[in-house]
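Taking it in order: structure first as structure tokens, then the write-up.
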Amino acid sequence: NAGVTQTPKFQVLKTGQSMTLQCAQDMNHNSMYWYRQDPGMGLRLIYYSASEGTTDKGEVPNGYNVSRLNKREFSLRLESAAPSQTSVYFCASSRGTVATNEKLFFGSGTQLSVL
Amino acid sequence: RKEVEQDPGPFNVPEGATVAFNCTYSNSASQSFFWYRQDCRKEPKLLMSVYSSGNEDGRFTAQLNRASQYISLLIRDSKLSDSATYLCVVMGYSSASKIIFGSGTRLSIRP
Chain A
5 NAGVTQTPKF
15 QVLKTGQSMT
25 LQCAQDMNHN
35 SMYWYRQDPG
45 MGLRLIYYSA
55 SEGTTDKGEV
65 PNGYNVSRLN
75 KREFSLRLES
85 AAPSQTSVYF
95 CASSRGTVAT
105 NEKLFFGSGT
115 QLSVL
Chain B
584 RKEVEQDPGP
594 FNVPEGATVA
604 FNCTYSNSAS
614 QSFFWYRQDC
624 RKEPKLLMSV
634 YSSGNEDGRF
644 TAQLNRASQY
654 ISLLIRDSKL
664 SDSATYLCVV
674 MGYSSASKII
684 FGSGTRLSIR
694 P
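Going down the list, the protein sequences come from chains A and B. Plus 4 on top of the position in the first sequence (first one is 1) and you've got our numbering. Plus 583 on top of the position in the second sequence (first one is 1) and you've got our numbering.
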């Protein structure tokens, strides 16, 4: 079972470059999330999608955009990368809507460095 | 004050020892509580949910104290494979923005 698949695993960008992180889940989950994890800090929510066709901002949305392409896929785009966006990014999904507080399944992460 | 706080550790204990760590949360309206485990450079994975009455899963025991607003994780007979970072997760109701992760407690088990 693939679960949640993220690509790429590693990426190095120059300041000002753009890129899209891809995420897909094969568990027929309704909700999907993008988090970033920085040293000494908990995972912080960037954006989430409670269902196909909806997206909402999380705690740290500035500098990012998202697309819930269909029920399976939720992509994260950096339009103009900045060094402050150097981080490890995790995509996650959960079966229900966010109101049900169900467990999260995570992808393996993307290590992004912005020079 | 952070919404969810954990002692970052590291906790360095010998194999076979019992170790416990707490996680405090500030929002008394929090609804659900979980412990996740994260190995170095890997994704977090659910270890166990935390129920009001306390719950046990093998060597792991989780407890919730709503009055003092903390949850705890106890690991008995620790194994080398228990070395990891343990993340406390506190969830509110009806919004993904109310899923708050602690920064984690690092545990290292030595032979």
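Heads up, the beta-carbon is just placed ideally off N, CA and C, and yes, glycines get one too.
### Query
Under 8 Å, do residue 92 of chain A and residue 41 of chain A count as touching if we go by C-beta distance?
yes
### Task
Let me know the secondary structure DSSP gives residue 625 of chain B once reduced to three states.
coil
### Message
So, does the segment 681-688 of chain B touch the segment 631-646 of chain B, judging by three or more C-beta pairs under 8 Å?
### Response
no
### Query
CB residue 35 of chain A to CB residue 98 of chain A, shorter than 8 Å?
yes
### Min CB distance residue 626 of chain B to chain A below 8 Å
yes
### Query
With a cut-off of 8 Å, does the C-beta of residue 673 of chain B fall near any C-beta of chain A?
no
### Message
When you compare the CB positions of residue 693 of chain B and residue 597 of chain B, do they come within less than 8 Å of one another, or not?
### Response
yes
### Query
Which residue from B:615, B:651, B:656 puts its Cα closest to that of residue 645 of chain B?
B:656
### Query
Does any C-beta atom of chain B lie closer than 8 Å to the C-beta of residue 78 of chain A?
no
### Query
Do residue 68 of chain A and residue 49 of chain A have their CB atoms nearer than 8 Å?
no
#### Entry: Per-residue contacts from residue 629 of chain B into chain A (C-beta, under 7 Å)
107
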